[in-house]
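Chemist: Please find one structure pasted underneath; my questions will follow.
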Amino acid sequence: MDHNKLDALIAQIENYLECWKQFNQFLALARTKKFGQDDETQFLELKAVLAQQLEIILAAVESSALNRDEVFQLVGSVPSLRYLAEQNEGVHRNLENQWHKIYIGWQSILGQLKVQQQTVEPKKSFWGSLFGGGG
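Reminder that position 89 of the sequence shown reads as 93 in the numbering used here, one-by-one numbering, no gaps.
Quick look at the structure:
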């Protein structure tokens, strides 16, 4: 993978991880039972982003660290904040554990890509190398 594509993929995964953090914040919000319709709407939109971006990233990255089915199972098991708020503490802990496992898997992939990024240097043109510029 060339340097520019690798940089773009790393940025995309970092953004995806931010979405995963937001997902976890919504799980915590549901535990408090203090959310409104705007929160529900944002939660559904976030789930859509997680599903769509997963497909885009998995098309670019092959990894055994992540399983599409695990992600879809977690995202699909929480249809709404209201539904989650009605669940018991055991369900909340289970979802939190699943979320953490997936989150760590994404961190692992990101780390592998960053190692790869360090070994792939951008190619410089003749003039760029003479004058200290890039490609």
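Just so you know, even glycine gets a beta-carbon here, dropped at the ideal spot from N, CA and C. As the structure is a prediction and not an experimental result, all values here were calculated from the model.
(1) Tell me the rounded alpha-carbon separation between Ser112 and Lys105.
(2) Using only the alpha-carbon positions, how far apart do Arg35 and Met5 sit?
(3) Can you find at least 3 beta carbon pairs, one from the segment 88-95 and one from the segment 9-21, that sit closer than 8 angstroms?
(4) Return helix, strand or coil for Ser112, following the three-state DSSP convention.
(5) In the DSSP assignment, the alpha helix (DSSP H) including Glu22 goes from what residue to what residue?
Modeler: Inspection of the coordinates gives the following:
(1) Translated into positions along the sequence shown, residue 112 becomes position 108. Translated into positions along the sequence shown, residue 105 becomes position 101. Their backbone Cα atoms lie some 11 angstroms apart in a straight line.
(2) As a working note, residue 35 is residue 31 in the sequence shown. As a working note, residue 5 is residue 1 in the sequence shown. Distance between the alpha carbons of Arg35 and Met5 is about 42 angstroms.
(3) no
(4) In the sequence shown, the residue the question calls residue 112 occupies position 108. It is helical.
(5) Locating residue 22 in the sequence shown gives position 18, where the first residue counts as 1. Counting along the chain, the alpha helix (DSSP H) containing Glu22 begins and ends at His7 to Thr36.
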